[in-house]
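These protein sequence lines map, in sequence, to chains A and B.
Going by this note's numbering, the letters in the first sequence line up with residues 1 to 845, in that order.
Going by this note's numbering, the letters in the second sequence line up with residues 1 to 112, in that order.
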Amino acid sequence: MNAIAGHPSQSGRALRLHRELAAIWATGPGLQRLASVNHSVIGLRIMVTAFVFFIIAGLLGMLTRIQLATPQGAFMDAETYNQVFTLHGSVMLFLFVIPMLEGMAVYLTPKILGARDFAFPRLTAYSYWCYLFGATIVVGSLLFGVAPDGGWFMYTPLSSNTYTPGVNADVWLLGVTFVEISALSFAIEIVVSILKMRAPGMSLDRMPIFGWYILTTAAMMVVAFPPLILASILLETERAFGLPFYDPTRGGDALLWQHLFWLFGHPDVYIIFLPMAAVLSTLIPVFAGRPLVGYRTIVVAIIALAFLSFGIWVHHMFAVGIPHLALAFFSAGSAIVAVPTVLQMFAWLATLAQGRPRWSVPMLYIFGFFFVFVLGGLTGVMLAIVPFDWQVHDTYFVVAHLHYVAGGAFAFPFLAALYYWLPHLTGRTAVHRLSVPAFWLIFIGFNLTFLVMHLVGLLGMPRRIFTYTGHEGWTGLNLVASIGSFIMTIGFGLLVIDLGVHLLYGRRVRRDPWKAATLEWAMPIPPAPYNFASVPHFDSPDDRVAPAALAPALARGEGYLGFTRNGWQETLGVHMTSGTPDQLVVLPRATYLPLWTALTTAGVVLAFLFKLYFLALALGLVVVGLFVLGGQSAGLAREYGPLPVGRGVNVPPHTEVAGTPPWWALIFALIADGTLFTSLVFGTLYLWIAAPNWPPAVSPNTNLALALGCVIALFVAAAGARGSLRAVASGRAPQAWIGLTALVLVAGIVAVVGLIGAVSPRPSEHALGATAAALLGFVAVHAGIGVVFLLSNVLRIGAGRVSPKRIVDLRLTRLWLDYTAVTGTIAIGLVLALPTLVAVLGARP
Amino acid sequence: MSEHAVPPGRLWWLAAGFGVWCITLVALYALHAIGCAFAWSAGSLRTGLVIVLLAGLLAIAALWLGMARAAPDPALGQPGAFLHTVVVWTLIAAFVTTLLTLGPSLLLATCV
C-alpha cells in the first residue's frame with residue numbers, strides 16, 4: 001500500500017481510506033460469507049461452481065467416449081447412456097457455459113466500467129443461489145437414476161408423459177427453468193448496470209468494447225430466455241395436468257416445442273460467443289500492443305449478430321417438413337450470419353498484423369480459437385445449405401460442428417481469459433511450465449476427438465446411439481475420437497494442476513502484469529471489495545486508460561466518492577449516453593435474505609417435482625413474502641437532496657431521481673415478460689394454423705360479460721395507480737386510491753379465474769382450451785403480482801420510504817398495471833376472437 | 001458551442017433497422033404459413049409475400065435516407081456523431097440483409 005500511494009502522508013491517507021471502505025464493503029468471515037452480496041465474491045463463486053459442473057459434464061462426456069470407443073460396448077446400457085449424454089449436453093450448456101460467462105461478466109464488468117458493484121447486489125446473490133440449487137437438482141438426479149434422458153433439447157413427444165412417464169423430464173424442465181430464471185435476473189441487472197453505472201465521463205462512444213459486448217449479450221438473454229421458460233412451463237403443465245400443447249391427438253403440435261426451444265437455442269449460441277468475443281477484443285489489443293482496429297465496425301457487427309441470431313432458429317428444423325420457401329429464409333440468414341462474425345475476426349487479425357504481438361499463454365489459446373472456430377464456422381455454413389443438412393441431420397457431423405463452434409467460440413477464448421485474468425483474481429502470475437504442455441494436449445486432443453467425427457457422421461453414424469455393430473466402417477474413427485478425448489482430458493487435468501501450482505507458487509504481483517488498457521487493472525490485486533477507493537473520472541479520448549498511472553491517485557481518494565458517509569455503500573449512476581453523473585446509488589449491504597429466498601424457491605421447485613402442488617403454492621407465497629420483505633429496506637429512509645460526491649459535483653441519491661436503476665430494471669423485466677407473452681400468443685396462433693385436429697369437436701364458449709368485466713377492472717386498476725401516484729406527488733395520502741386499485745384487481749382476478757373455470761373446450765380436451773387457459777392464467781398471475789406491488793407500496797409508505805420526491809415505488813406499480821392492462825386486453829381478446837376466427841375461416845383444407 | 005447529452009431514447013435507433021428486418025421475417029413466415037394452410041393460390045400468396053418484403057425494404061430505406069440526410073447534430077458532440085454513424089451502418093446492413101435473406105426465397109415454389 002505504501003509503494004502504491006507514494007509519499008508517506010499520501011500512503012497514510014490511502015491506507016485510512018482503504019480501512020474505512022473495507023469496514024463498509026467487506027464480507028464477514030465464516031458463515032457470514034453466505035450473506036455476501038458483493039459482485040467480486042459472487043462472481044468468483046459462480047465461476048468456481050461453473051467449473052465444478054464443467055468437470056462433471058466433461059466426465060459424463062468421457063463416459064460416452066468410453067462406451068463408443070469399441071463396437072457393442074458393454075460399459076453402459078441404453079437407458080444409462082441416454083441419461084449420461086443428456087446430462088452431458090444439458091450441464092455443459094445450461095450449468096457450465098452460461099453461468100461461467102455470467103460469472104465472468106459479474107466479476108469483471110463493474111471493474112472495467114469503473115463502478116463499485118452492480119445495481120442490485122441482493123439479486124446477484126439470489127441468482128447465484130438459485131443457480132446452485134437448480135443445478136444440484138439436475139445433476140443430483142443422476143445419483144437416483146432419474147436424470148433427464150431425452151437429449152439436451154428434450155423434444156416432444158419423447159419428453160411427454162406417454163414416452164417419458166417418469167420424473168426424468170420433470171427434473172430437466174423444472175431444474176433448467178429454475179436456472180434460466182436465475183440467468184435472466186443476472187441479465188436484467190447487467191443491462192441496467194452497464195447503461196446506468198459507469199465511471200463518470202465514460203460516454204457510450206468511449207466505453208470499453210467489453211461493455212458493448214456484455215450489454216448486447218445481456219439484452220439478448222432478456223429476449224431469448226423467455227421462450228424456453230414458456231415452453232418448459234407449457235410442457236410441465238402438459239405432463240402434470242394433461243393440457244395438450246404438444247399432443248397432436250388433441251390439437252397440440254410437437255413442433256411447437258421445437259420452435260419455442262430453438263427460438264431460445266439459436267440465440268443462446270451467440271449469447272455464448274459474444275462474451276468470448278469480448279474477451280478476444282480486450283486481450284488482442286493488449287498482446288498486440290496497439291488499439292483495437294475498427295471499434296465502430298465491431299459495434300455494428302455486434303448489433304447485427306444479435307438480431308440475426310434471432311432470425312435463423314429454423315435451421316435446427318430443416319428436416320421436419322417445412323416448405324422450401326420458408327426454409328430458404330432461414331438458410332440464407334444462417335449463411336449471412338457469418339458476415340458480422342467474420343468482420344470481427346478480420347478486425348482482430350488486423351490488430352495483430354498492425355501491432356507487435358507478444359506470445360504468451362493467453363495468446364496460445366487465442367490461436368487455438370482462430371483455428372477451431374474457423375473450422376466450426378465453415379461447417380456451419382455447410383449446414384446452412386438445406387440439401388446438405390438433410391444428408392447430415394442427426395449424424396455425428398452435427399455433433400462435430402457443434403463441438404467445434406462450442407470449443408472455438410467458448411472453450412479456447414475462456415481459457416485465454418482464465419490465464420489473462422488469473423493474476424487479477426489471485427494477485428499472482430503463473431509459472432507457465434505446465435500451461436504450455438496443457439494447451440497443446442487440449443488442442444491436439446480436441447482436434448483428434450472432433451475432427452474425425454465429421455467423417456464418421458458423413459459415413460452415416462447417427463447421433464445418440466449407445467452402440468454400433470462394428471460392420472458400418474465406424475470402428476476405427478470412433479476409437480481415434482475416444483483416444484483423442486483422453487488426450488484432451490489429460491490436458492485439462494494438467495491445466496487444473498497448473499491452476500493449483502499458480503495458487504501455491506505463483507509470483508506475487510501488485511497490479512497489471514500485462515500492461516493493459518482497461519480499468520480493472522487500476523486497482524491492487526486481488527481487488528478490494530469496493531474495487532476503487534475512489535471512482536475514476538473517465539477523460540480518455542478513446543476507450544483506453546493507463547491503469548498504472550491512474551491507480552495511485554484513485555487509491556488516495558482523488559476520484560469521486562473518495563470518502564465514506566453514513567456507513568453507506570456508494571457508487572455513482574450516470575446519464576446513459578454521456579456518462580455525466582446524475583445520481584448517487586446507495587447499495588444494500590450483506591444479508592442472508594437472498595439465501596433464504598433461494599432455498600424457499602428451491603422448495604417450490606422440489607414440491608412441483610414431487611407433485612405436491614399445494615405445498616408448492618404455499619412455498620411460492622412465502623417466496624413472494626420474502627421479496628416484499630426484501631423490498632422494505634430498499635432505498636433510503638428519508639429525503640436528502642443533492643449530496644457531494646467529490647470533484648465539486650453534487651447529485652441526488654437514486655431514490656430521488658426518475659431514471660433510477662429499479663425503473664430501468666422493471667422496463668427490461670417487462671421486455672422479458674413481453675417476449676414470453678408474445679411467444680404464448682404466437683404459439684396459440686401457430687397451433688391454429690399448423691396443428692392437426694382443428695377445430696375442436698366441442699364448440700368454444702366464453703362468457704363475454706366476465707371477459708369485459710375483467711378488461712374494465714384492469715384499466716380501472718391502471719387508472720387507480722395513476723391516482724395514487726398523483727396523490728403522493730402532491731403530498732396527499734394515497735391509501736384510498738391504493739385500496740380502490742387493490743379491490744378492482746381482486747375483482748379482475750376473480751373474473752379471470754371464473755373464465756378459466758368455464759373455458760370450453762376444457763383445457764385437457766383440446767389445445768384451444770389449453771391455450772385459452774394459459775392466456776387467462778397469464779392475466780391472473782400478472783394481476784396478482786399487481787396486488788403484491790400495492791401491498792409493498794402500503795408497507796413502504798407506512799415506513800416513511802415514500803415521499804413526493806421518492807415516488808419510484810408508485811411509478812413501478814403504475815408501469816406494471818399499465819402493462820397488465822394492455823397484455824390482459826390482448827390475451828382476453830384473443831381468447832374471445834380465436835374461436836370466431838376458426839369458425840369463420842373454417843377448417844384448413 | 002456547449003455540448004448536450006444524446007437523449008437515451010435515441011439508443012432505440014440502434015435496433016431500428018434490424019428490428020424491421022425481424023418484423024418482416026416474421027410477417028413473411030406467418031403469411032406463408034397461413035397461405036399454405038388455407039390453400040391460397042400460388043400467385044396471390046407470392047404477391048402478398050412480395051408486398052410484405054417491399055414494405056420492409058421501403059421502411060428500412062426510409063429510415064436510412066432520413067438518417068443519412070440528417071447530419072449528426074454538432075450539439076451532441078462525439079457521442080452523437082458515434083451514434084449517428086453506428087445507426088446509419090446498422091440500417092445499411094439491415095437493408096442488405098433483408099434483400100439477400102428474404103428476397104431470393106420468394107422465387108421458390110410456394111407450398112412444397
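C-beta atoms are modelled at their ideal positions from N, C-alpha and C, and glycine is treated no differently.
The structure presented is a predicted model; accordingly, all values stated were derived computationally and were not measured.
Check your understanding: Which value, in whole angstroms, describes the spacing of the CA atoms of A/ALA3 and A/PRO552?
Key -> Along the first sequence, one-based indexing puts residue 3 of chain A at 3. Along the first sequence, one-based indexing puts residue 552 of chain A at 552. Below a pLDDT of 50, predicted positions are generally treated as unreliable, and A/ALA3, at 40, falls in that range; no measurement from the model is reported.
key: Cβ distance (whole Å) where A/THR571 is taken to contact A/ASP117 below 8 angstroms   = The residue labelled residue 571 of chain A in the question sits at position 571 within the first sequence. The residue labelled residue 117 of chain A in the question sits at position 117 within the first sequence. Right, the Cβ-Cβ distance comes to about 6 angstroms (below 8 angstroms), so this counts as a contact.
Does the distance between the C-beta of A/GLU180 and the nearest non-hydrogen atom of the ligand COA fall short of 7 angstroms?
Looking at this structure, you won't find the ligand COA or any other ligand, since it has none at all.
_Sequence-distant residues of the same chain with beta carbon closer than 6 angstroms to A/HIS454, five excluded per side_ = As a working note, residue 454 of chain A is residue 454 in the first sequence. So the list reads PHE397 and ALA400, once near-sequence residues are dropped.
task = Provide the residue(s) that pair with A/ARG801 in DSSP beta bridges, ordered along the chain.
result = Position 801 of the first sequence, counting from 1, holds the residue named residue 801 of chain A. Note: A/ARG801 sits in no beta bridge, so no partner.
For B/LEU49, which residues from the same chain have a beta carbon less than 7 angstroms from its beta carbon, with the 5 sequence-adjacent residues on both sides left out? Translated into the one-based positions of the second sequence, residue 49 of chain B becomes position 49. Sequence-distant Cβ neighbours of B/LEU49 in its own chain, meaning closer than 7 angstroms and more than five residues away, are LEU28, LEU31, HIS32 and LEU106.
- Query: Going along chain A, which residues have a C-beta under 7 angstroms from B/THR98?
  - Reply: Within the second sequence, the letter at position 98 stands for residue 98 of chain B. Within chain A, no residue comes near B/THR98; the closest Cβ sits about 10 angstroms away, beyond 7 angstroms.
With a threshold of 8 angstroms between beta carbons, is A/MET100 in contact with chain B? As a first step, residue 100 of chain A must be located in the first sequence, where it is residue number 100. Closer than 8 angstroms: no.
* **Coarse secondary structure for A/ARG19, derived from DSSP in three states** => In the first sequence, residue 19 of chain A corresponds to position 19, counting from 1. Three-state DSSP puts A/ARG19 in a helix.
Tell me whether A/ARG589 sits in a helix, a strand or coil according to DSSP, three-state version.
On the first sequence, position 589 is the one that residue 589 of chain A refers to. Three-state DSSP puts A/ARG589 in coil, outside helix and strand.
Practice task
Can you tell me which of the three DSSP states A/LEU584 falls into?
Solution key: Position 584 of the first sequence, counting from 1, holds the residue named residue 584 of chain A. Note: A/LEU584 maps to strand in three-state DSSP.
Legend entry - DSSP beta-bridge partners of A/GLU765: Start at 1 with the first residue of the first sequence, and residue 765 of chain A comes out as number 765. Beta-bridge partners of A/GLU765 (DSSP): none assigned.
- prompt: Which residues, in chain order, does the region 200 to 213 of chain A contribute to contact with chain B at a C-beta distance below 7 angstroms?
  reply: SER203, LEU204 and ASP205
query = Between the Cα of A/MET104 and the Cα atoms of A/LEU59, A/SER36, A/LEU204 and A/TYR213, which residue gives the shortest distance?
reply = In the first sequence, the residue the question calls residue 104 of chain A occupies position 104. Taking only the C-alpha atoms, the option nearest A/MET104 is A/TYR213.
Notebook entry, point to check: At what residue ranges does the region 66 to 128 of chain A contain a whole run of the alpha helix (DSSP H), taking only runs of 4 or more?
Noted result: 78 to 90 and 98 to 113
For this session: Give a yes or no on whether the minimum CB-CB distance between A/ARG811 and chain B is below 8 angstroms.
Result: Stepping through the first sequence from its first residue, residue 811 of chain A is reached at position 811. False, the Cβ-Cβ gap to chain B never drops below 8 angstroms.
**Asked** If contact means a Cβ-Cβ distance below 7 angstroms, which residues of the region 33 to 50 of chain B contact chain A?
**Response** ALA33, ILE34, CYS36, ALA37, PHE38 and ALA39
For the candidate residues B/GLN78, B/THR101, B/LEU65 and B/ALA109, whose alpha-carbon lies nearest to that of A/GLY311?
Looking up residue 311 of chain A in the first sequence gives position 311. Selected option, being the one with the closest Cα: B/THR101.
Quick check: A/MET197 and A/GLY800, are their CB atoms within less than 8 angstroms of each other?
In the first sequence, counting from the first residue as 1, residue 197 of chain A sits at position 197. In the first sequence, counting from the first residue as 1, residue 800 of chain A sits at position 800. No, Cβ-Cβ distance for A/MET197 and A/GLY800 is not below 8 angstroms.
> Would you report the Cα separation of A/HIS782 and A/ILE483, rounded to the nearest angstrom?
Replying inline: Here residue 782 of chain A is taken as the residue at index 782 of the first sequence, counted from 1. Here residue 483 of chain A is taken as the residue at index 483 of the first sequence, counted from 1. Between A/HIS782 and A/ILE483, the C-alpha separation is close to 54 angstroms.
Out of A/LEU503, A/SER203 and A/SER182, which one is the CA nearest neighbour of A/PRO226?
Counting from one through the first sequence, the residue named residue 226 of chain A turns up at place 226. It is A/SER182.
**Study point:** Where A/THR475 sits in the DSSP three-state scheme
**Key:** Translated into the one-based positions of the first sequence, residue 475 of chain A becomes position 475. A/THR475: helix per DSSP, three-state reduction.
Pair within 8 angstroms by beta-carbon distance, A/ILE209 and A/THR282: Translated into the one-based positions of the first sequence, residue 209 of chain A becomes position 209. Translated into the one-based positions of the first sequence, residue 282 of chain A becomes position 282. Their beta carbons are under 8 angstroms apart, which means A/ILE209 touches A/THR282 by this criterion.
* Asked: How about A/LEU95 and A/LEU687: are their beta carbons less than 8 angstroms apart?
  -> Taking the first sequence and counting its residues from 1, one reaches residue 95 of chain A at position 95. Taking the first sequence and counting its residues from 1, one reaches residue 687 of chain A at position 687. In this structure, A/LEU687 does not lie closer than 8 angstroms to A/LEU95 by Cβ.
* Asked: Hey, how far is the Cα of A/LEU93 from the Cα of A/VAL657?
  -> Mapped onto the first sequence, residue 93 of chain A falls at position 93. Mapped onto the first sequence, residue 657 of chain A falls at position 657. Using only the alpha carbons, I get a separation of about 40 angstroms.
Considering only residues of the same chain and omitting the five flanking positions on each side of A/ALA669, which have a CB-CB separation below 7 angstroms?
-> As a first step, residue 669 of chain A must be located in the first sequence, where it is residue number 669. Taken in chain order, the residues that qualify are ILE188.
How long is the line joining the alpha carbons of A/ALA5 and A/LEU643, rounded to whole angstroms? For the purposes of this step, residue 5 of chain A is taken as the residue at position 5 of the first sequence. For the purposes of this step, residue 643 of chain A is taken as the residue at position 643 of the first sequence. With a pLDDT of 46 at A/ALA5, under the threshold of 50, the modelled position of this residue cannot be trusted, and the question is left open.
| Taking the DSSP output, what are the residues bridged to A/GLY643? | Locating residue 643 of chain A in the first sequence gives position 643, counting from the first residue. It is Leu, not Gly, that sits at residue 643 of chain A in the sequence shown. For A/LEU643, which the question treats as bridged, DSSP gives the partners A/VAL651.
| query | Below 8 angstroms between beta carbons: does that hold for A/LEU308 and B/THR47? | reply | If you number the first sequence from 1, residue 308 of chain A lands on position 308. If you number the second sequence from 1, residue 47 of chain B lands on position 47. Going by C-beta atoms, A/LEU308 is not nearer than 8 angstroms to B/THR47.
Assign A/ASN2 to one of three DSSP states: helix, strand, or coil.
-> Position 2 of the first sequence, counted from the start, is the residue given in the question as residue 2 of chain A. Reliability of the predicted coordinates at A/ASN2 is poor, the pLDDT of 37 falling under 50, and no value is obtained from them.
Presumed contact (8 angstroms Cβ cut-off) between A/PHE186 and A/GLY265, rounded CB distance: Here residue 186 of chain A refers to the residue found at position 186 when the first sequence is read from its first residue. Here residue 265 of chain A refers to the residue found at position 265 when the first sequence is read from its first residue. Their Cβ separation, rounded to whole angstroms, is 19 angstroms, which puts A/PHE186 and A/GLY265 out of contact at 8 angstroms.
Buried or exposed by the 16-neighbour rule on C-beta atoms within 10 Å, applied to A/ASP77:
As a first step, residue 77 of chain A is located in the first sequence; it is residue number 77 there, counting from the start. A/ASP77 should be labelled exposed.
TODO: Using a cut-off of 8 angstroms between C-beta atoms, extract the partners of B/LEU108 located in chain A.
DONE: Looking up residue 108 of chain B in the second sequence gives position 108. Using a Cβ-Cβ cut-off of 8 angstroms, B/LEU108 is close to HIS324, LEU325 and ALA328 of chain A, given in chain order.
Inset, instruction - Determine the direct distance from the alpha carbon of A/VAL645 to that of A/ALA733, and round the result to whole angstroms. - result: Along the first sequence, one-based indexing puts residue 733 of chain A at 733. Along the first sequence, one-based indexing puts residue 645 of chain A at 645. Rounded to the nearest angstrom, the two C-alpha atoms are 33 angstroms apart.
>> Does the region 489 to 496 of chain A come into contact with the region 434 to 446 of chain A, if we say contact requires no fewer than three beta-carbon pairs (one atom in each stretch) closer than 8 angstroms?
In response: They touch, by the three-pair rule.
Quick one: using the 10 Å Cβ neighbour count with 16 as the cut-off for buried, is A/ARG356 buried or exposed?
-> One-based indexing of the first sequence puts residue 356 of chain A at position 356. Result: exposed.
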